[in-house]
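One structure is given here, and the rest of the page talks about it.
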Amino acid sequence: MSQNLRVHRLLLTGAAGGLGFVLRERLGAFADIVRLSDIAPIPPAATDRQAAEEIVPCNLADKAAVDALVQGCDAIVHLGGVSVERPFEEILEANIKGVFHIYEAARRHNVRRVVFASSNHVIGFYRQTERIDANARRRPDGYYGLSKSFGEDMASFYFDRYGIETVSLRIGSSFPEPKDRRMMSTWLSYDDLTQLVGKALFTPNVGHTVVFGASDNRDAWWDNHAAAHLGYRPQDSSERFRAQVESRPAPAATDPAAIYQGGAFTAQGPFEG
Ligand code: NAI
Ligand code: 15L
103 MSQNLRVHRL
113 LLTGAAGGLG
123 FVLRERLGAF
133 ADIVRLSDIA
143 PIPPAATDRQ
153 AAEEIVPCNL
163 ADKAAVDALV
173 QGCDAIVHLG
183 GVSVERPFEE
193 ILEANIKGVF
203 HIYEAARRHN
213 VRRVVFASSN
223 HVIGFYRQTE
233 RIDANARRRP
243 DGYYGLSKSF
253 GEDMASFYFD
263 RYGIETVSLR
273 IGSSFPEPKD
283 RRMMSTWLSY
293 DDLTQLVGKA
303 LFTPNVGHTV
313 VFGASDNRDA
323 WWDNHAAAHL
333 GYRPQDSSER
343 FRAQVESRPA
353 PAATDPAAIY
363 QGGAFTAQGP
373 FEG
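With the first letter of the sequence shown counted as 1, position 33 gets the number 135 in my numbering; the numbers rise by one all the way through.
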């Protein structure tokens, strides 16, 4: 990534979360100032960073607060929200209202680029034996996956109506290492995630692009040719973890973790009582 690809002020939502913690420092390569936001406490601004940091607490469900949060920002990396399957009412506030508030604020404050943390759970009901690309119809595997599907549609609408460009990252499993056999296919290393975020921020004319966020894993399920213009070239692979992962017992053939791309998420709920 060329050093002259920078914005002045970059907003990172979900900054107190797992990926927010990882990207907090790395986004300094892409911005003069990184504005960090979350509903949860964020450790104080650091002074040894490549970019200056601003901390602005915010509940994404609060439209006025999100409007103030976005004011003065040049681009948004939107990671904030509920990141697992939960009752619909929780997802509604943080993810569905939250993504609407982000785009409305982007429109009002003339932000032209959003990077949206979507998820593989938008297509979680495909089987692990299937290979799909970004044009495959979505098959959300729960309320969480539905909210990410809604977010992708929100991004599409705000591009068509207002010209705000988005790259929706359908992230697989971004952790230090794959935790199980399914993640051997879905794993996204932090370095590859960082590359993707850089491409998503600075590739011109992306309109609304959907890209699968996975490293160069041997048994890949996702074909990224529809996002070839991003020039994403994953440098890591889950292969070096294979022996360690496969030394643990395999799930039964009837276990959703062994059947569906979304794994265990496909079997959660209902959330009654
Ligand atoms: P995380 O759960 O660690 O972080 C999400 C953050 O959002 C949390 O710090 C939480 O406090 C914040 N948040 C929740 N509700 C909020 C609200 N109403 N207002 C403001 N902030 C709120 O999740 P993680 O792993 O860091 O993921 C980041 C994003 O990437 C999420 O949107 C997640 O859905 C998405 N993603 C992550 C994957 C992964 O493998 N880590 C895979 C696919 C998608
Ligand atoms: C996600 O969307 C979640 O945010 C993350 O915690 C993992 O569960 C990941 O998907 C996954 O599918 O492994």
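Where is the CB? At the ideal position from N, CA and C, for every residue including glycine. Here the structure is a predicted model, which is why all the values come from computation and not from measurement.
For Ile204, the uninterrupted alpha helix (DSSP H) segment begins and ends at 200–210. Restricting attention to Tyr362, Ile204, Glu192, Leu171, the CA atom closest to the CA of Val136 is found in Leu171.
Taking 8 Å as the cut-off, the beta carbon of Asp282 is found closer than this to the beta carbon of Ala359. Inter-residue distance for His327 and Asp235 is about 7 Å (C-alpha atoms, whole angstroms). Exclusion of the five residues before and after Tyr245 leaves Phe190, Ile193 as the residues of its chain whose Cβ lies within less than 6 Å of its Cβ.
The DSSP assignment places complete beta strand (DSSP E) segments of no fewer than 3 residues inside the stretch 133–171 at 133–139, 154–157, in order along the chain. A heavy atom of the ligand 15L is found nearer than 7 Å to the CB of Val186. For the stretch 275–360, the full-length alpha helix (DSSP H) segments reaching 4 residues or more read 285–288, 292–304, 344–348 along the chain. According to the DSSP secondary-structure assignment, Leu114 is paired through a beta bridge with Leu138, Val179. For Ile193, no beta strand (DSSP E) encloses it; the enclosing alpha helix (DSSP H) starts and ends at 190–193. Closest in alpha carbon position to Cys175, among Gly365, Met286, Arg272, Leu114, is Leu114. For Ser249, the number of other beta carbons within 10 angstroms of its own is at least 16, and it is reported as buried. Within the chosen limit of 7 Å, the ligand NAI does not reach the beta carbon of Cys175 with any heavy atom.
Within 10 angstroms of the beta-carbon of Pro306 lie fewer than 16 other beta-carbons, which makes it exposed. In this structure, His180 is the residue among Gly130, His180, Thr149 with its C-alpha nearest to the C-alpha of Ala219.
Distances taken from the Cβ of Asn222 to the heavy atoms of the ligand NAI include one shorter than 7 Å. Under the 10 Å beta carbon count, Gly200 is surrounded by 16 or more other beta carbons and is classified as buried. For Pro280, the closest C-alpha among the options Tyr292, Glu232, Gly182 is that of Tyr292.
When secondary structure is reduced to three states using DSSP, Phe218 falls in the strand class. If you draw a straight line from the Cα of Trp323 to the Cα of Gly371, it comes to about 25 Å.
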